[in-house]
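Position 30 of the sequence shown, counting from 1, maps to 21 under the working numbering, and the rest follow consecutively. Even for Gly, the Cβ is constructed at its ideal location relative to N, Cα and C. Have a look at the structure below, then the notes.
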Amino acid sequence: MKVRVAQIADIDSLVDFNQKMALETEGKYLDSDVLRSGVKAVFHDESKGLYVVTEDDGGILGGLMVTFEWSDWRNKWFWWIQSVYIVPEARGRGIYRQMYEFVKAKAKENGNVSGFRLYVERDNLSAQGVYERVGMAASHYLMYEEND
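Pasting the structure below:
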């Protein structure tokens, strides 16, 4: 398996992964046109983030997106891990761990990253276990939001 920064040629896989992840974790169907435009936007504006994928000879097995949050308290960045998806038949093979280690190495190269954050559905105990096994811990913060 190979972990790498995603390329624009990976858009179809990333859109598919996002559709499946939203349905699997939240029971939501995403508007395909909006989603495709949102994924493409990341490739056309590096300030929006980056995608990381894992592939083998059979294709893309998983992906995630990293976005950036400036911390004035630390004078450094937090990298947010979002849109994590591993194809079901490849789960349990350490793919998220490999992508997370890749992201941490990229952050170390950057030299100005304070830490990593992500959010996970409260009921997604399987994913929570994965994140804990790679060294992440539940935050003391609660997340609030308002949507249009």
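With burial defined as no fewer than 16 other Cβ atoms inside 10 Å of the residue's Cβ, what is the status of residue i: buried or exposed?
i: Leu133; result: exposed
i: Gly53; result: buried
i: Met(-8); result: exposed
i: Ile(-1); result: exposed
i: Tyr20; result: exposed
i: Ala64; result: According to the sequence shown, residue 64 is Trp rather than Ala. That one is exposed.
i: Trp70; result: buried
i: Tyr135; result: exposed
i: Asp1; result: buried
i: Ala98; result: buried
From the options, pick the residue whose C-alpha is nearest to that of residue i; which is it?
i: Asn9; options: Arg84, Val30, Ala0; result: Val30
i: Gln89; options: Leu26, Trp64, Arg82, Thr45; result: Thr45
i: Arg113; options: Met(-8), Val6, Glu17; result: Glu17
i: Glu123; options: Asp48, Arg108, Pro79, Met(-8); result: Arg108
i: Asp3; options: Ile51, Lys(-7), Val(-6), Met(-8); result: Ile51
i: Glu15; options: Arg27, Arg(-5), Ala118; result: Ala118
i: Asp24; options: Val6, Ser38, Ile(-1); result: Val6
i: Val111; options: Arg(-5), Gly85, Asp63, Ala129; result: Ala129
i: Ser105; options: Gly120, Ile72, Lys67; result: Lys67
i: Val(-6); options: Val94, Asp139, Glu80; result: Val94
i: Ile86; options: Asn101, Glu60, Val125; result: Val125
i: Thr58; options: Gly49, Asp48, Ile72; result: Ile72
i: Ala81; options: Asp139, Asp48, Ala32, Asn115; result: Asp48
If I'm right that residue i touches residue j with Cβ under 8 Å, what's the distance once you round it to whole angstroms?
i: Ala(-3); j: Val43; result: 6 Å
i: Tyr76; j: Lys11; result: 6 Å
i: Ser38; j: Leu55; result: Not confirmed; about 18 Å, so no contact.
i: Val33; j: Leu41; result: 7 Å
For residue i, list the residues DSSP reports as bridge partners.
i: Tyr42; result: Met56
i: Ser62; result: Lys67
i: Arg108; result: Trp71
i: Arg88; result: Looking at the DSSP assignment, Arg88 forms no beta bridge with any residue, so it has no partner.
i: Ala76; result: Position check: residue 76 holds Tyr in this sequence, whereas Ala was assumed. Answer is Gly54, bridged to Tyr76.
Let me see if you follow: with CB-CB separation under 9 Å, is residue i close to chain C or not?
i: Val75; result: Going by chain labels, chain C is absent from the structure shown, which holds only one protein chain.
| field | Any alpha helix (DSSP H) of 4 or more consecutive residues that is wholly inside the stretch -3 to 53 | value | 2 to 17, 23 to 35
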